[in-house]
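Chains as they are written, first to last, in my numbering: chain H, 36 to 407; chain X, 21 to 258.
So the structure is just underneath, and the comments pick up after that.
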Amino acid sequence: MQHLIVANIKERPIRALTSVAGVAVGVVLILVTVGLARGILRDTAQREKNVGAELIFQSSSGFGPGVSGPLMSLPLAYCERLSRIAGVQSVTPVGRYLRSGAGGIGFEFIEGVSDRAGPGYVAYAEITRVSVVEGHPIAADDEIMIDHRLAKDRKWAPGSAVELFDRRFRVAGIYEPEMGSRTKMRLSVLQELLVARGKCSYILVKCVDPNEQDIVARRILEDLPGNAVARTSDIPNFYDQGIPSLNIFLRVVVGLATVISALVILLAMYTTVTERTREIGILKSMGASKRFIVAVIEKEALYLSSIGLATGIGAAMLVQELISRFTSLIVEFEVKWMLISALVSLLGGILGALYPALRAARYDAAKALMEE
Amino acid sequence: MGGDDDEAMKKILQTIDLEMVYTMGKVSVFALRGVNLAIEEREFVSIMGPSGCGKSTLLHIIGGMLTPTGGGVWVDGEDITRLDDARRTDLRRRKIGFVFQRFNLFPTLTVEGNLRLAQRIFTDGARHRGGEAEHARREEVLALLGLRDKAKHKPMELSGGEQQRVAIARAIINHPSILLADEPTGNLDSENSQMVLNLLRDLNRDQGQTIAMITHNPDAAAVSGRIIRMQDGHIVAG
Chain H
36 MQHLIVANIK ERPIRALTSV AGVAVGVVLI LVTVGLARGI LRDTAQREKN VGAELIFQSS
96 SGFGPGVSGP LMSLPLAYCE RLSRIAGVQS VTPVGRYLRS GAGGIGFEFI EGVSDRAGPG
156 YVAYAEITRV SVVEGHPIAA DDEIMIDHRL AKDRKWAPGS AVELFDRRFR VAGIYEPEMG
216 SRTKMRLSVL QELLVARGKC SYILVKCVDP NEQDIVARRI LEDLPGNAVA RTSDIPNFYD
276 QGIPSLNIFL RVVVGLATVI SALVILLAMY TTVTERTREI GILKSMGASK RFIVAVIEKE
336 ALYLSSIGLA TGIGAAMLVQ ELISRFTSLI VEFEVKWMLI SALVSLLGGI LGALYPALRA
396 ARYDAAKALM EE
Chain X
21 MGGDDDEAMK KILQTIDLEM VYTMGKVSVF ALRGVNLAIE EREFVSIMGP SGCGKSTLLH
81 IIGGMLTPTG GGVWVDGEDI TRLDDARRTD LRRRKIGFVF QRFNLFPTLT VEGNLRLAQR
141 IFTDGARHRG GEAEHARREE VLALLGLRDK AKHKPMELSG GEQQRVAIAR AIINHPSILL
201 ADEPTGNLDS ENSQMVLNLL RDLNRDQGQT IAMITHNPDA AAVSGRIIRM QDGHIVAG
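Here it is in C-alpha cells:
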C-alpha cells in the first residue's frame with residue numbers, strides 16, 4: 036500500500052507541494068505566534084524582575100504584572116499609604132501602556148516613570164538604580180529614555196526624534212541595566228496621554244529588609260484590602276502561567292491552524308479522489324475493501340501532513356532566526372507547542388481526508404470503472 | 021449449489037434466472053432477462069454477442085460489482101446476491117480475477133508494484149505477511165507470463181500486449197477461482213491479440229485456470245472450450 040501512496044504523491048507534485056505548504060502554514064502560525072507571545076512575555080518578565088524593588092502593588096482586578104490589569108487605574112494616593120507601612124523603605128509609581136510592536140509584530144510596553152519625588156514616593160531611579168549611560172536623563176515632557184537593545188534595533192541615539200501617540204518625542208538618553216519596558220517617559224506625560232491624571236498602573240515597593248518582604252506584603256494587604264501584592268521575583272511565574280486574554284487568543288490561533296490544515300488536506304484529497312475515480316474503481320474490482328480504500332487515502336493525507344509538519348517546523352525556525360536578527364523580539368519555541376502543532380497538523384490532515392476517503396469508499400465500482 | 025457436484029464437474033459459476041433491469045426515469049431497460057448459466061472448474065468459456073446484449077452487465081454481476089434485480093449468482097458455492105456489499109467485495113477479493121479491455125493498470129506503479137498491490141489487497145492491507153512467499157509468487161507469475169525483464173517498468177513503458185499480460189498476471193496472482201476477462205483483446209492489434217489469447221488458453225490448459233471471457237470477436241472466442249451466445253439479454257446458444 037505504501038508504494039501506491041508514495042507513487043501517488045510523486046505523480047502529482049504540485050498538489051502535494053500545495054498540501055504540504057498549507058499544513059506548514061498552520062504549523063508556522065502556531066509556532067511563531069505562540070513563540071513570539073511566550074518569548075516577549077518571558078523577556079518582559081526577566082526585565083521586570085530587575086526593577087530593584089521586592090514587591091509590586093496593584094489593584095486586585097486582574098493581577099498579572101500590569102499586563103492584563105486595568106491600565107493606569109491605580110490612584111497615586113496609595114503611594115503615601117504604602118510608604119507609611121512598617122518595613123516599607125520607599126515606593127515609586129509606574130504607568131504602563133501596551134501597544135503593538137514594531138511593524139505590527141508582537142507587542143511592547145511604554146512606561147511612565149517619575150523622574151522626581153512626589154507625595155509619598157521617590158523617583159524611579161532611586162529604587163531601580165537605573166542610570167543613563169549615553170545622553171542625559173529625562174528633563175522635559177517631550178523626552179524619553181530607551182535601553183541599549185531598542186537603540187540598536189531601531190538605530191536610535193540620544194537626540195533621535197521618535198513618534199509616539201502621534202506626538203513627537205526625542206531620545207534623551209540610553210539607560211542601563213535593562214528593566215521594565217524598553218521605552219520610558221515621564222509618568223505625568225503618560226497620564227496626560229491616556230487621560231489618567233493622578234493614576235498609575237502599579238507601585239514598586241522597596242523593603243527595608245528584603246528578607247522580610249513576605250511580612251511586609253501581608254501588612255500591605257491587611258492595611259489596604261482589596262488590592263494585590265506580588266513579589267517581583269514571582270513575575271516570571273505570572274508570565275509563564277500566561278495571560279487569560281492571550282491564552283484565549285492562542286487557542287483561537289490553534290483552532291485556526293487546525294481548520295487551515297484540515298481544509299487544505301480536504302481540498303487536496305477531494306481533488307485527488309475525483310481525479311482518481313477510475314483508479315478507485317480498479318481497486319474495488321480487485322476486491323479492495325472500504326477500509327483499505329479509506330486507509331490508502333488517509334495514509335496519503337498523513338504523509339502529506341507529516342511532510343507539512345516537518346516543513347512548518349523548519350520554516351518556523353527560519354522565521355525565528357529572521358525575527359531575532361532583524362528585530363528586538365524573541366521567539367521562544369517550547370516542546371509543548373511543537374507537540375500541539377504536530378497534533379494539530381496530523382489531526383487536521385486526518386479529519387480533512389476523512390470525507391474524501393469515505394466518499395471514495397462508497398463509489399460504485401462498475402460506474403467508477405467507466406470514468407475516463 | 022456448486023459444491024454438491026462431483027469434484028471433476030464442480031461448478032465454479034452458476035446463474036439462475038438472472039435478471040437486470042435498469043430504470044431511467046419512467047423507462048425500464050431490460051439488460052438481462054432470465055440468464056441461466058453454469059461454468060465448471062477448469063472451463064474456458066467465451067460469451068459472445070452484439071453490443072448491448074447484456075454481456076458486460078452479466079460480467080459485472082458475476083464479478084459482484086453490480087447487484088441483479090432478480091435471480092441468483094453462485095460463485096464457488098457462495099450466492100453473491102445474498103451478500104452485503106462488504107462480503108461481496110471480500111468474495112471478489114478471494115475468488116475473482118478481472119482482466120479489462122483497457123488493462124486498468126496503475127500507471128504510477130511498476131509492473132511489480134501492480135502485482136504487489138494485488139497481493140496487498142488480497143491480504144486486506146496486512147503488510148509483509150509471508151513476504152518471501154509473496155515475492156516467490158510474483159516471480160513465478162512474471163516468469164509464466166514472460167514479464168520477468170519488465171518487472172521494474174511502468175505500464176506506459178510497455179506495449180499494449182505487454183500491459184495486458186501484466187493485467188492477466190495481476191488477475192491470477194492470488195489464485196482466483198475464476199478469471200473474468202472483458203474484451204481482453206479489444207485494444208490490441210492482431211499479433212498481440214493472438215499472444216494474449218494463447219496465454220489465456222495456456223493458463224486454462226496448463227494451470228487449470230477457469231476463465232469466462234467476453235468477446236465479440238469469433239476468432240478470439242475460438243480459443244475457448246465453449247462459446248455462449250447472448251442476444252437481447254438472453255442466452256441463445258451454448
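C-beta: ideal position from N, C-alpha, C; glycine also.
1. Nearest-angstrom Cα distance between VAL216(X) and GLN184(X)?
2. Here's a check: name, in chain order, each residue in its chain whose Cβ is nearer than 7 angstroms to the Cβ of GLU60(X), leaving out the five neighbours to either side.
3. According to DSSP, simplified to helix, strand and coil, what is LYS75(X)?
4. Just confirm the distance between the C-beta atoms of ILE100(X) and LEU318(H), as a whole number of angstroms; I'd bet it's less than 8 angstroms.
5. Starting from the C-beta of GLY435(H), find all residues in its chain whose C-beta is less than 6 angstroms away, skip the five residues before and the five after it, and write them out in chain order.
6. Give the residues from the segment 311-341 of chain H that approach chain X closer than 9 angstroms (Cβ to any Cβ), ordered along the chain.
7. Looking only at its chain, what residues have a beta carbon closer than 8 angstroms to the beta carbon of LEU199(H), apart from the 5 residues adjacent to it on each side?
8. Please report the distance separating the alpha-carbon of ALA186(H) from that of ALA192(H).
9. Return yes when the Cβ of GLY147(H) is within less than 8 angstroms of the Cβ of VAL224(H), no when it is not.
10. Mind checking who CYS114(H) pairs with in its DSSP beta bridge?
11. Go ahead and pull the three-state DSSP assignment for LYS402(H).
12. If we count the other Cβ atoms within 10 Å of its Cβ and call it buried at 16 or more, is TYR159(H) buried or exposed?
13. Counting only C-beta atoms, is LEU39(H) closer than 8 angstroms to chain X at any point?
14. CB ILE231(X) to CB LEU219(X), shorter than 8 angstroms?
15. Can you list, in chain order, the residues of its chain with a C-beta nearer than 7 angstroms to that of GLN248(H)? Leave out the 5 residues immediately preceding and following it.
16. Quick one: does ALA201(X) have its CB under 8 angstroms from some CB of chain H?
17. Hey, is the segment 253-260 of chain H in contact with the segment 105-121 of chain H, meaning 3+ C-beta pairs nearer than 8 angstroms?
18. Which bits of chain H does PHE126(X) rub up against, with CB to CB less than 8 angstroms?
19. Give the residues of chain H in contact with ALA106(X), contact being defined as C-beta atoms less than 8 angstroms apart.
20. Kindly indicate the opening and closing residues of the alpha helix (DSSP H) around ARG134(H).
21. Looking at GLU333(H): is its Cβ nearer than 8 angstroms to the Cβ of ALA395(H)?
22. Grab me the residues of THR312(H)'s own chain with a C-beta within less than 6 angstroms of its C-beta, minus the 5 sequence neighbours each way, in chain order.
23. In this structure, does DSSP put HIS155(X) in helix, strand or coil?
24. If we cut at 8 angstroms on Cβ distances, does ALA138(X) have a partner in chain H?
25. Counting only beta-carbon atoms, is ASP96(X) nearer than 8 angstroms to chain H?
26. Applying the 10 Å Cβ sphere with the 16-neighbour rule, what's the burial state of ARG2(X)?
27. Along the segment 45-77 of chain H, where does the CB come closer than 8 angstroms to a CB of chain X? Name the residues.
28. So, does the CB of SER103(H) fall closer than 8 angstroms to a CB anywhere in chain X?
29. Can you find a CB in chain H that lies within less than 8 angstroms of the CB of LEU78(X)?
30. Let me know if THR43(X) comes out buried or exposed under the rule of 16 or more other beta-carbons within 10 Å of its beta-carbon.
31. Around the Cβ of THR309(H), are there at least 16 other Cβ atoms within 10 angstroms (buried) or fewer (exposed)?
32. Nearest-angstrom Cα distance between SER268(H) and LYS84(H)?
33. Leaving out five residues before and five after LYS371(H) in sequence, what residues of the same chain have Cβ atoms less than 6 angstroms from its Cβ?
34. Whether or not the segment 67-77 of chain X and the segment 89-104 of chain X are in contact is what I'm after, with contact meaning three or more pairs of Cβ atoms, one per stretch, closer than 8 angstroms; do they touch?
35. Can you tell which of GLN124(H), ARG50(H) and ALA263(H) has its C-alpha closest to the C-alpha of ASN246(H)?
36. Would you kindly report the start and end of the unbroken alpha helix (DSSP H) that includes HIS38(H)?
In terms of the structure at hand:
1. Going from the Cα of VAL216(X) to the Cα of GLN184(X) covers about 7 angstroms.
2. Contacts found: MET29, LYS30, LYS31 and ILE32.
3. Here LYS75(X) sits in helix by DSSP.
4. About 19 angstroms; that fails the 8 angstroms criterion.
5. Residue 435(H) is absent from the structure shown; chain H starts at 36 and stops at 407.
6. Shown in chain order are the members of the segment 311-341 of chain H whose Cβ falls below 9 angstroms from a Cβ of chain X: ARG313, GLU314, GLY316, ILE317, LEU318, LYS319, SER320, MET321, GLY322, ALA323, SER324, LYS325, ARG326, PHE327, ALA330 and VAL331.
7. Excluding its 5 nearest sequence neighbours in each direction, LEU199(H) has C-beta neighbours in its own chain below 8 angstroms: ILE145, ILE179, THR218 and MET220, listed in chain order.
8. Just so you know, the alpha carbons of ALA186(H) and ALA192(H) end up roughly 6 angstroms apart.
9. Going by C-beta atoms, VAL224(H) is nearer than 8 angstroms to GLY147(H).
10. Answer is none; CYS114(H) lacks a bridge partner.
11. Correct three-state label for LYS402(H): helix.
12. Its Cβ being crowded by 16 or more others within 10 Å, TYR159(H) is buried.
13. For LEU39(H), the closest Cβ of chain X is nearer than 8 angstroms.
14. Going by C-beta atoms, ILE231(X) is not nearer than 8 angstroms to LEU219(X).
15. Sequence-distant partners of GLN248(H) (beyond 5 residues in either direction) whose C-beta falls short of 7 angstroms from its own C-beta, in its chain, are GLU89, LEU90, CYS242 and ARG266.
16. Interface residue (Cβ-Cβ distance to chain H less than 8 angstroms): ALA201(X) is not classified as such.
17. In short, these stretches touch, since the Cβ pair count reaches three.
18. Within chain H, the residues near PHE126(X) are LEU39, ALA42, GLU314 and ILE317.
19. Near ALA106(X) (Cβ distances below 8 angstroms), the residues of chain H are SER324 and LYS325.
20. In the DSSP assignment, ARG134(H) falls outside any alpha helix (DSSP H) and lies within the beta strand (DSSP E) extending over 123-135.
21. Between GLU333(H) and ALA395(H), the C-beta spacing is not below 8 angstroms.
22. Same-chain partners within the cutoff: ALA403 and GLU406.
23. Three-state DSSP puts HIS155(X) in a helix.
24. Chain H contact via Cβ: present.
25. Under the 8 angstroms criterion on CB atoms, ASP96(X) is classed as non-interfacial with respect to chain H.
26. Within the shown structure, residues of chain X are numbered from 21 to 258, placing residue 2(X) beyond reach of any answer.
27. Contact annotation: in the segment 45-77 of chain H, residues whose CB is within less than 8 angstroms of a CB in chain X are LYS45 and GLU46.
28. The pLDDT assigned to SER103(H) is 43, lower than 50, so where the model puts this residue is not dependable; a value taken from the coordinates is nonetheless given after this. Closer than 8 angstroms: no.
29. No, LEU78(X) does not count as interfacial toward chain H.
30. With fewer than 16 other Cβ atoms within 10 Å, it is exposed.
31. With fewer than 16 other CB atoms across the displayed protein chains lying within 10 angstroms of its CB, THR309(H) is exposed.
32. Between the alpha carbons of SER268(H) and LYS84(H) lies a gap of roughly 6 angstroms.
33. Within the same chain, LYS371(H) has no close Cβ partners at all.
34. Counting C-beta pairs with one atom in each stretch, the segment 89-104 of chain X and the segment 67-77 of chain X have fewer than three that are closer than 8 angstroms, which means they do not touch.
35. Looking at GLN124(H), ARG50(H) and ALA263(H), the one whose alpha-carbon comes closest to that of ASN246(H) is GLN124(H).
36. Annotation: the continuous alpha helix (DSSP H) that includes HIS38(H) extends over 37-46.
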